[in-house]
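Letter by letter, the sequence shown follows residues 3 to 206 in the working numbering. Ideal Cβ placement from N, Cα and C applies to all residues, glycine included.
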Amino acid sequence: MPRAKVEHFTFLGAHPCLDFVNTAPGAERVDALRNFDDLVEWLSESRLVPMSELSEVSGRWSGVDARRTHEEALSFREELIRMLERVVASRNAPEHAITAINRYLSEREGRMELVRARTGFAQEFRRQLERPGQLLVPIAESATDLLCNHELNRIKRCASPPCGLYFYEVARNRRRRWCSMKTCGNRAKLAAFRRRQRLARRSN
């Protein structure tokens with residue numbers, strides 16, 4: 003029986019941790035992580051874990067292990083959502099979110115390897131995935147990177163209330179308001195245009 007798969011994921015957050023949070027259901031979208039296979043697919047498409055590593059290990063885990071890991075992923079996502087809600091409101095990240103991140107960081111296993119690169123050599127971390135819960139480690143690493151190495155006041159939520167996707171503002175002018183101009187930005191422009199038309203008609 004073919005496994006269920008979402009048609010696509012949304013990668014608009016400019017940071018893996020934010021893209022993971024953006025898989026959550028909202029007024030305008032369904033849950034993009036409906037099962038364990040979706041989680042594996044997302045990790046591959048986000049490039050947090052190479053598909054070569056995922057294909058080696060994901061087939062080992064099914065049934066109870068897969069369901070438990072999927073439930074853990076959804077629970078961790080909720081912790082990160084609550085954390086981002088506070089960060090966007092210029093409040094401190096909650097302690098329970100830090101605890102959740104540290105829990106998965108403690109699961110990190112692997113080794114550094116010297117690999118050939120285009121212009122010479124590079125260091126590469128090769129993960130050891132012995133337990134299904136370790137699939138959430140790179141998400142915890144991404145959250146750590148976001149909190150430690152980025153300007154938290156650049157984390158924003160889409161100005162369209164029904165959307166609510168998070169993104170990291172990379173432009174210097176910090177004027178981005180929408181997750182995407184193709185979707186929410188365009189709808190806002192169209193709504194503003196129609197409001198101006200209505201006001202013009204009333205004034206005539």
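Beta-bridge partners of F123, as assigned by DSSP: R118
Touch test, the region 8–21 against the region 39–50, Cβ-Cβ under 8 Å, three pairs minimum: yes
Runs of beta strand (DSSP E) wholly within the region 84–154 (minimum 3 residues, chain order): 112–119, 122–129
E74 beta carbon less than 8 Å from that of G227: This structure gives no information on residue 227, because the portion of the chain shown stretches from 3 to 206.
Pair within 8 Å by beta-carbon distance, G112 and R133: no
Same chain, Cβ closer than 7 Å to L116, neighbours up to 5 away in sequence not counted: F123, Q125
R88 burial status per 10 Å Cβ neighbour count (16 or more: buried): exposed
F22, enclosing alpha helix (DSSP H) - first and last residue: 18–23
Which listed residue (P163, R105, E153) has its alpha carbon closest to that of V174: Note on identity: in this sequence residue 174 is Arg, with Val being the wrong assignment. Looking at the Cα atoms, E153 is the closest of the given residues.
Candidates S54, V66, R36, N104, of which the one nearest I141 by Cα: N104
Exposure of M114, with buried meaning 16 or more beta-carbon neighbours within 10 Å: exposed
Burial state of D147, where buried means 16 or more other Cβ atoms lie within 10 Å: exposed
Enclosing beta strand (DSSP E) for F169 [first to last residue]: 168–170
R179 vs A161 beta-carbon contact at 8 Å: yes
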